[in-house]
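The numbering of the sequence shown is our numbering, which starts it at 20 and goes up by one.
Each residue gets a CB set at the ideal place from its N, CA and C atoms; glycine is no exception.
Notes for the one structure printed next.
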Amino acid sequence: MSLRGPPDDRSVDDLLEFGVVNLDKPPGPSAHQVAAWVRDMAGVDRAAHAGTLDPKVTGCLPMLLGDATRMAQVFDDSDKEYIAVLELHGPTPADLSSVLAEFEGEIYQKPPKKSAVVRRLRSREIYALDALEVEDRRALLRIRCESGTYIRKLCHDLGLALGTGAHMGHLRRSTTGSFDDRELVSLHDLVDALAWADEGDTDPLREVVQPAERALVDLPSAIVAESAARQVAEGAPVYAPGLLDVDDVFRGDLVACYTPDDAAVCLATLAGDPEADSGVVLDLERVLV
Numbered sequence: 020m021s022l023r024g025p026p027d028d029r030s031v032d033d034l035l036e037f038g039v040v041n042l043d044k045p046p047g048p049s050a051h052q053v054a055a056w057v058r059d060m061a062g063v064d065r066a067a068h069a070g071t072l073d074p075k076v077t078g079c080l081p082m083l084l085g086d087a088t089r090m091a092q093v094f095d096d097s098d099k100e101y102i103a104v105l106e107l108h109g110p111t112p113a114d115l116s117s118v119l120a121e122f123e124g125e126i127y128q129k130p131p132k133k134s135a136v137v138r139r140l141r142s143r144e145i146y147a148l149d150a151l152e153v154e155d156r157r158a159l160l161r162i163r164c165e166s167g168t169y170i171r172k173l174c175h176d177l178g179l180a181l182g183t184g185a186h187m188g189h190l191r192r193s194t195t196g197s198f199d200d201r202e203l204v205s206l207h208d209l210v211d212a213l214a215w216a217d218e219g220d221t222d223p224l225r226e227v228v229q230p231a232e233r234a235l236v237d238l239p240s241a242i243v244a245e246s247a248a249r250q251v252a253e254g255a256p257v258y259a260p261g262l263l264d265v266d267d268v269f270r271g272d273l274v275a276c277y278t279p280d281d282a283a284v285c286l287a288t289l290a291g292d293p294e295a296d297s298g299v300v301l302d303l304e305r306v307l308v
């Protein structure tokens, strides 16, 4: 079988079958509906979003195309950043900043009744919580947090701590893992780029659809020989002779594996000594070729 070539040398068809779009989700549709639209627009069999956003929420929603949907798990634990409007139910207290600071660190939340997960108390980490602007009874917050944090619940709890009551107004996600809002692509951008590609101008599409390897940059990496990559494609693990290099990782850590020309091969976990001469070194999690 043939392996994918270097990410920068791929055809438009190859990009659409193994690509990622840093999409700016509009208000209204669900993340699932947006993924279906992107799938149909791009003419691919599969498209998957990286982290659910409620219908009214906007912002950074990386969209994986084709075979790249197999790597959706890399976003499960990715950190997020949000810009939220905190709607206070009374005058803004003078101690707003100090109360916000008290919510940095580990917090405990129970998922809301409408959530799709089991409603049990769980902890989440708030890395940073800042008030960017305050106007009347509104505070514009920037929240950097662990994946799975419920911002609506956080706003409710902030209102209780402030003594005024509060609820979440507008919410926008500004960062998902290594993707942020500095280079977002709208649905209109994608539609236009696909139309231009049909007319023979592929440059706009190459600007909005990136090689899927872009979604793996935060993971430690391993380089495997092409012979090992072909065996991975058949479902075999990576044996010691096929491992050319690997970052410093611990047993069980998730690793992104590449060929020597930087094409993604699989997601795997470290299972053996990288310095060994024989035996399994990497167990497969997801085959990407």
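Sequence-distant residues of its chain with Cβ nearer than 8 Å to residue 22 (five each side left out): 245, 248, 249, 252, 278, 282, 284, 308
Beta-carbon contacts of residue 224 that lie in its chain and below 6 Å, excluding the five residues immediately before and after: 31, 212, 216
Whole-angstrom distance between residue 264 and residue 235, CA atom to CA atom: Roughly 17 Å between the two C-alpha positions.
Proximity winner among 86, 293, 150, relative to residue 270 (alpha-carbon distances): Residue 293 is the option with its Cα nearest to residue 270.
Which of helix, strand or coil DSSP assigns to residue 227: helix
CB-CB length for residue 195 against residue 79, believed under 8 Å: 5 Å
Cβ neighbour criterion (16 or more within 10 Å) applied to residue 192: Buried is the call here.
Residues sharing a beta bridge with residue 305, DSSP: 286
Strand pairing of residue 37, partner residues [DSSP]: 85
Alpha-carbon spacing of residue 113 relative to residue 207, whole angstroms: 43 Å
Where residue 256 falls, given that 16 or more other Cβ within 10 Å makes a residue buried: buried
Contact check, residue 274 vs residue 241, beta carbons under 8 Å: yes
From 178, 75, 56, residue whose alpha carbon lies closest to that of residue 68: 56
Contact set for residue 94: own chain, Cβ-Cβ below 8 Å, skip 5 residues either direction: Within the same chain, Cβ atoms closer than 8 Å to the Cβ of residue 94 are found at 69, 70, 81, 166, 195, 196, 234, the five residues on either side in sequence being excluded.
Reference residue 128, options 52, 48, 168, 61, closest by Cα: 168
Residue from 140, 176, 219, 187 whose Cα sits closest to the Cα of residue 123: 176
Start-end ranges of the alpha helix (DSSP H) lying completely within the stretch 75-163, minimum 4 residues: 115-121
Identity of the residues DSSP links to residue 187 by a beta bridge: 105
CB of residue 171 within 8 Å of CB of residue 111, strictly: no
CB-CB length for residue 158 against residue 150, believed under 8 Å: 5 Å
Residue 310, enclosing beta strand (DSSP E) - first and last residue: The structure shown does not extend to residue 310, since the chain is modelled only from 20 through 308, so no value can be given for it.
Closest by C-alpha distance to residue 40, when choosing among 254, 209, 303, 239: 209
Spatial distance of residue 97 from residue 200 (CA atoms): 15 Å
Minimum C-alpha distance to residue 60 - residue among 214, 289, 173: 214
Nearest residue (CA-CA) to residue 130, options 119, 121, 142: 142
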